[in-house]
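What follows is a set of notes on a single structure, which appears directly below.
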Amino acid sequence: MDSLTLTGLLNHVAGEFPSRRAISVSRKFDVTHSRLRELVDSAASRLLASGIGAGDVVALTFPNTVEFVIMFLAVIRARATAAPLNPAYTVDEFEFYLSDSESKLLLTSNGGNTSAQAAASKLNILHATAALPGADSELALSLTHSASGTNLVGEITNDPSDVALFLHTSGTTSRPKGVPLTQLNLVSSVKNIKSAYKLTESDSTVLVLPLFHVHGLMAGLLSPLGVGAAVALPAAGRFSASTFWKDMNQYNATWYTAVPTIHQIILDRHSGNPEPVYPKLRFIRSCSASLAPAISARLEEAFGAPVLEAYAMTEATHLITSNPLPVDGSRKPGSVGRPVGQEMVILVGNGIQQEGSASGEVCIRGPNVTMGYKNNPEANKSAFQFGWFHTGDIGYFDSDGYLYLVGRIKELINRGGKISPFLTTQLTLSGITILLINLSFSNTIIIILYKIIKL
Numbered sequence: 287m288d289s290l291t292l293t294g295l296l297n298h299v300a301g302e303f304p305s306r307r308a309i310s311v312s313r314k315f316d317v318t319h320s321r322l323r324e325l326v327d328s329a330a331s332r333l334l335a336s337g338i339g340a341g342d343v344v345a346l347t348f349p350n351t352v353e354f355v356i357m358f359l360a361v362i363r364a365r366a367t368a369a370p371l372n373p374a375y376t377v378d379e380f381e382f383y384l385s386d387s388e389s390k391l392l393l394t395s396n397g398g399n400t401s402a403q404a405a406a407s408k409l410n411i412l413h414a415t416a417a418l419p420g421a422d423s424e425l426a427l428s429l430t431h432s433a434s435g436t437n438l439v440g441e442i443t444n445d446p447s448d449v450a451l452f453l454h455t456s457g458t459t460s461r462p463k464g465v466p467l468t469q470l471n472l473v474s475s476v477k478n479i480k481s482a483y484k485l486t487e488s489d490s491t492v493l494v495l496p497l498f499h500v501h502g503l504m505a506g507l508l509s510p511l512g513v514g515a516a517v518a519l520p521a522a523g524r525f526s527a528s529t530f531w532k533d534m535n536q537y538n539a540t541w542y543t544a545v546p547t548i549h550q551i552i553l554d555r556h557s558g559n560p561e562p563v564y565p566k567l568r569f570i571r572s573c574s575a576s577l578a579p580a581i582s583a584r585l586e587e588a589f590g591a592p593v594l595e596a597y598a599m600t601e602a603t604h605l606i607t608s609n610p611l612p613v614d615g616s617r618k619p620g621s622v623g624r625p626v627g628q629e630m631v632i633l634v635g636n637g638i639q640q641e642g643s644a645s646g647e648v649c650i651r652g653p654n655v656t657m658g659y660k661n662n663p664e665a666n667k668s669a670f671q672f673g674w675f676h677t678g679d680i681g682y683f684d685s686d687g688y689l690y691l692v693g694r695i696k697e698l699i700n701r702g703g704k705i706s707p708f709l710t711t712q713l714t715l716s717g718i719t720i721l722l723i724n725l726s727f728s729n730t731i732i733i734i735l736y737k738i739i740k741l
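Residue numbering for the sequence shown follows the working numbering, starting at 287 and increasing by one per position.
Right under this line is the structure:
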């Protein structure tokens, strides 16, 4: 059963690579895989002794710190559910997310979080802090526990069906939906990411994305840990362009994953203030938003590594498709690549599967896909039909099985033939401007594409 849980996989890794670096706190200290397991098991026992157990939800709001890593893994080791939250939320936002997740405990760093604590107080939710001064230190966890609760974790067996992670969708067009993800979902995603990028214990990365988001959590943190690799956490607890390459060089990074906005910042930094030397990267990964082909080309030219654009979503525990490493196939600008570890079809109408390169809704199924939204039968009825999870994204396959996304079902501009905002963004980022002229006397729109050339 261990191979079907993330905690089982991480315990296996700690036994196989005990002395390898797992987590580095930039310019402070390193934590090995065996030490990480000790810290996690100790914290999990503390949680169990304080009354946290199977099915309980624990909210965590931290910067990208080693304390978050330890407590996240401790929560799921105790068979509870971890609910990471953005530290920048307002009191009202914290109140919504704490209430919607039915959190029993709020965990923060020693410095606390005023807004989160105010919301937790209104909801009568217990608050505790966690701090790790050094790799050999004991974790300072401000929880009341029984004296006999030091080894309770040894009595716990994690199950693939345990809900380990609770996240929310972005909620840009509607009320955010709660997404429960099981131990099986998490370990399946880790295995998919490992397979797509051939991650091994020799790899190393620097985390630049927030750990309250599925991209940073799954691709940036848990997948490297799940293969015995190393993750460096920036000293500031968040991405910093001024220290990024210093950390990448110091920790001999072999890859990194980011969103297009951060890739652009990294490129701008390179153009204005290049580093004397850059690490030898196996690949650069981009996900969570469309990456313009022009930006991808600039990244490859600047840093000498293939850029692999991917497609992911919370409901799939992150990875859905990815462009392959050069050894496995071609990279196609504008495409999000091929499906990884799951089935995918393009459907229209009443579950009719599209053939060839015809477009329709991207639908998936596999062990990485959530079983359904929490307390939202209407959303579940809409999203789970004909044996598939409906992503809400419109796309098509080319003849090589590469997926191209052209927009969201709710975002198509209704102009007769339906114009995709995804297309307009891609063109604008490539330096081409789109001018729409609406003829009021008819149901016609003229699309003019133009590019200003400096002479």
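Ideal Cβ placement from N, Cα and C applies to all residues, glycine included.
Where the alpha helix (DSSP H) containing residue i begins and where it ends
i      : result
THR400 : 400-408
ALA583 : 579-589
VAL473 : 469-483
SER310 : Per DSSP, SER310 belongs to no alpha helix (DSSP H); it is in the beta strand (DSSP E), 307-311.
THR293 : 292-302
SER528 : 527-536
Inter-residue Cα distance where the pair is residue i and residue j
i      : j      : result
TRP531 : TYR564 : 7 angstroms
GLY673 : ARG617 : 31 angstroms
ALA516 : SER389 : 31 angstroms
PRO462 : SER310 : 33 angstroms
THR347 : GLU641 : 45 angstroms
ASN396 : GLY658 : 35 angstroms
LEU594 : ILE650 : 21 angstroms
SER582 : LEU409 : 46 angstroms
THR430 : SER336 : 6 angstroms
VAL692 : VAL473 : 30 angstroms
THR711 : TYR542 : For THR711, the predicted structure reports a pLDDT of 47, less than 50, and the residue's modelled location is therefore unreliable. A value from the coordinates is still provided. One C-alpha to the other measures close to 24 angstroms.
PRO663 : VAL613 : 44 angstroms
ILE723 : ASP686 : For ILE723, the predicted structure reports a pLDDT of 42, less than 50, and the residue's modelled location is therefore unreliable. A value from the coordinates is still provided. Roughly 36 angstroms separates the two Cα atoms.
MET357 : ILE552 : 30 angstroms
ARG332 : LEU392 : 15 angstroms
VAL326 : PRO625 : 33 angstroms
ALA578 : VAL299 : 37 angstroms
LEU611 : ALA369 : 33 angstroms
TYR383 : PRO496 : 17 angstroms
ALA591 : THR607 : 20 angstroms
TYR246 : GLY678 : As displayed, the chain neither begins before 287 nor continues past 741, which places residue 246 out of reach and without an answer.
GLY615 : ARG568 : 15 angstroms
SER572 : ASN609 : 10 angstroms
TYR597 : ALA580 : 18 angstroms
VAL344 : THR603 : 19 angstroms
LEU359 : ILE695 : 36 angstroms
GLY646 : GLN403 : 45 angstroms
PRO707 : ALA588 : Because PRO707 sits at a pLDDT of 48, beneath the cut-off of 50, its placement in the model cannot be relied upon, and the point is left open.
ALA426 : PHE498 : 22 angstroms
Bridge-paired residues (DSSP) for residue i
i      : result
HIS454 : GLY464
PHE670 : PHE675
GLN265 : Outside the shown range of the chain, which is 287 to 741, sits residue 265, and nothing can be said about it.
PHE264 : This structure does not reach residue 264, given that the chain is present from 287 up to 741, and the question cannot be answered.
PRO625 : THR607
HIS413 : LEU392
ALA748 : Nothing in the structure corresponds to residue 748, since the chain is present only between 287 and 741.
ALA575 : Its beta-bridge partners do not exist; DSSP assigns none.
GLY512 : Partner(s): none; GLY512 has no beta bridge.
ALA665 : BP columns for ALA665 are empty, so no partner.
ILE680 : GLU647 and GLY693
Closest by C-alpha distance to residue i, when choosing among the options
i      : options                           : result
GLU629 : SER643, HIS556, ALA644 and VAL648 : VAL648
ALA521 : LEU393, ALA406, VAL352 and GLN671 : VAL352
ALA405 : PRO373, VAL326, GLU424 and ALA416 : PRO373
ILE570 : ALA598, SER557, PRO562 and ALA539 : ALA539
GLY681 : HIS298, VAL317 and ILE632         : ILE632
ALA364 : ALA527, LEU334, LEU290 and GLY627 : LEU334
SER488 : PHE303, ILE606 and SER621         : PHE303
SER305 : ARG313, ARG321 and ASN297         : ARG321
PHE354 : GLU424, THR394 and TYR597         : THR394
ILE338 : THR415, VAL361, ALA575 and PHE525 : VAL361
GLN671 : PRO546, MET504, ILE638 and ASP422 : ILE638
LEU371 : SER509, LEU503 and SER312         : LEU503
ASP554 : SER528, ILE442, ASN535 and GLY398 : SER528
PRO619 : LEU689, ASP342, THR291 and ASN636 : LEU689
GLU441 : LEU451, ALA340 and PRO466         : ALA340
ASP445 : PRO419, GLN469 and HIS549         : GLN469
ILE479 : PRO510, TYR375 and SER460         : PRO510
Range of the contiguous beta strand (DSSP E) that encloses residue i
i      : result
ASP316 : 315-318
MET599 : 593-599
VAL692 : 689-694
VAL648 : 646-651
THR828 : This structure cannot settle anything about residue 828, because the visible part of the chain is limited to 287 through 741.
SER488 : Counting along the chain, SER488 falls outside any beta strand (DSSP E), and DSSP gives it neither H nor E.
In chain order, which continuous runs of the beta strand (DSSP E) of length 3 or greater are located wholly inside the stretch 345-386? For secondary structure counted as the beta strand (DSSP E) over 3 or more consecutive residues, the stretch 345-386 holds these complete runs in sequence order: 367-370.
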